[in-house]
Amino acid sequence: MLRSPTRALLSLEGTKSEIAGPVFGHNMLHELDNDLILNYARPGEMPIGPRILVHGRVLDESNRPVPGALLEFWQANAGGRYRHKKETYLAAIDPNFGGVGRTITDENGYYWFKTIKPGPYPWPNGVNDWRPAHIHFSVFGHGFAQRLITQMYFEGDPLIWICPIVKTIPDKSAIERLVAPLDMNASLPMDMLAYKFDIVLRGRRSTLFENRPEGN
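So for the sequence shown, full-length UniProt numbering puts the first residue at 1; every next one is plus one.
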């Protein structure tokens, strides 16, 4: 009996039950769903804070694009406050910023959205613990049961490495994959800086997902 393969391994296309996407169409999006700067602003007004562009690709374990994946994102405003009823942080609510949006990856697995750079906020479980600026992401595949949730941090933020939640991640390289580098090539002159955040669904270079801690 042979205990190992005698020929080179082949890469096979996954079945519908094995693929993490796609199923969603662009007809389910509204015009400003991926523009968090405008999608909650009152006519003639703008939210407060640095304007940024976040972009990247959704990829599988073989570095192939995942088209048609639905991404949803939510975040605090520039002062570090979320817009929901149970928020207790003292920072002010921005009446022109809702902090939620969504988009769908194109045929190359590419996505982008505009937003306001979120601020840090205190974590109530500690005496003086703070969460670094971050944006929450969810990725939907073939069914809602396959929703994957992660967070994106910003390059150069000193709070990342002292955040009590980040400290629970034992793999430093997994943390680094959650940090979006500044991308000056995609930045818009006199308008907004850009940050690039690729999401890898499976494999050794997988993004760390909160509801799939092993990341694979």
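For every residue, glycine included, the Cβ atom is placed at its ideal position computed from N, Cα and C.
Using CA atoms only, rank isn't needed, just tell me which of I52, L29, E31 is closest to D183. Your numbering for residue 183 matches position 183 in the sequence shown. Closest option to D183, Cα to Cα, is I52.
Ordered list of beta strand (DSSP E) runs contained in the segment 39-65, each at least 3 residues: 51-59
Which first and last residues belong to the beta strand (DSSP E) in which A174 is found? Taking the first residue of the sequence shown as 1, we reach residue 174 at position 174. Element bounds for A174: not the beta strand (DSSP E) but the alpha helix (DSSP H), 172-176.
Which two residues bound the contiguous beta strand (DSSP E) that contains R131? The residue you call residue 131 lines up with position 131 of the sequence shown. First-last of the beta strand (DSSP E) with R131: 129-131.
Is the segment 47-67 touching the segment 196-207 in the sense that three or more CB pairs, one from each, lie closer than 8 Å? yes
For the beta strand (DSSP E) that contains Y195, what are its first and last residues? Here residue 195 is taken as the residue at index 195 of the sequence shown, counted from 1. Run containing Y195: 193-196, per the beta strand (DSSP E) assignment.
Applying the criterion that 16 or more other CB atoms from any shown protein chain within 10 Å of the CB defines a buried residue, is T103 buried or exposed? Along the sequence shown, read from residue 1 onward, the residue named residue 103 stands at position 103. Its Cβ being crowded by 16 or more others within 10 Å, T103 is buried.
What's the call for H84, buried or exposed, on a 16-neighbour Cβ count within 10 Å? Translated into positions along the sequence shown, residue 84 becomes position 84. Label assigned to H84: exposed.
With H, G and I counted as helix, E and B as strand and the rest as coil, what does DSSP make of I199? Here the question's residue 199 lines up with position 199 in the sequence shown. If DSSP states are grouped into helix, strand and coil, I199 belongs with the strands.
Between which residues of its own chain and P132 is the CB-CB distance below 6 Å, once the five residues before and five after are set aside? The sequence position of residue 132 within the sequence shown is 132, counting from 1. The answer, listed in chain order, is P120, Y153, D157, L159, I160, C163.
Secondary structure at G21, three-state DSSP: helix, strand or coil? Within the sequence shown, the letter at position 21 stands for residue 21. Bear in mind that a pLDDT of 39 at G21, under 50, signals an unreliable position, so the model cannot answer this.
Which same chain residues end up closer than 6 Å to R205 when comparing Cβ atoms and leaving out the 5 residues on each side of it in sequence? The residue given as residue 205 occupies position 205 in the sequence shown. Taken in chain order, the list of residues that qualify is empty.
In whole angstroms, give me the CA-to-CA distance for L90 and Y82. Stepping through the sequence shown from its first residue, residue 90 is reached at position 90. Stepping through the sequence shown from its first residue, residue 82 is reached at position 82. When rounded, the separation of the alpha-carbon atoms in L90 and Y82 is 11 Å.
Roughly how many angstroms separate the alpha carbons of V166 and I175, rounded to a whole number? Residue numbering aside, residue 166 sits at position 166 when the sequence shown is read from its first letter. Residue numbering aside, residue 175 sits at position 175 when the sequence shown is read from its first letter. Note on geometry: alpha-carbon atoms of V166 and I175 lie some 7 Å from one another.
Near Y40, which residues of its chain fall below 7 Å by C-beta distance, leaving aside the five closest residues on each side in sequence? Translated into positions along the sequence shown, residue 40 becomes position 40. Closer than 7 Å at the Cβ level, and outside the excluded window around Y40, lie N96, F97, G98.
Ignore the nearest five residues each way along the sequence and tell me which others in T88's own chain have a CB closer than 8 Å to its CB. As a position in the sequence shown, residue 88 is number 88, starting the count at 1. P124, listed in sequence order.
Pick from T207, A69, F140 that is closest to K172, judged by C-alpha positions: Translated into positions along the sequence shown, residue 172 becomes position 172. The option with the nearest alpha carbon to K172 is T207.
On the CB-based measure, 16 or more other CB atoms within 10 Å of its CB, does G143 come out buried or exposed? Your numbering for residue 143 matches position 143 in the sequence shown. Residue confidence for G143 is low, a pLDDT of 45 falling below 50, so the modelled location carries little weight and cannot support an answer.
Just the C-alpha distance for I149 and P189, rounded to the nearest angstrom, thanks. Locating residue 149 in the sequence shown gives position 149, where the first residue counts as 1. Locating residue 189 in the sequence shown gives position 189, where the first residue counts as 1. Taking the straight line from one Cα to the other gives about 32 Å.
Contact check, P122 vs A78 under 8 Å by CB: the rounded distance? Within the sequence shown, residue 122 is the residue found at index 122, counting from 1. Within the sequence shown, residue 78 is the residue found at index 78, counting from 1. Not quite, the Cβ-Cβ distance comes to about 16 Å (not below 8 Å), so this is no contact.
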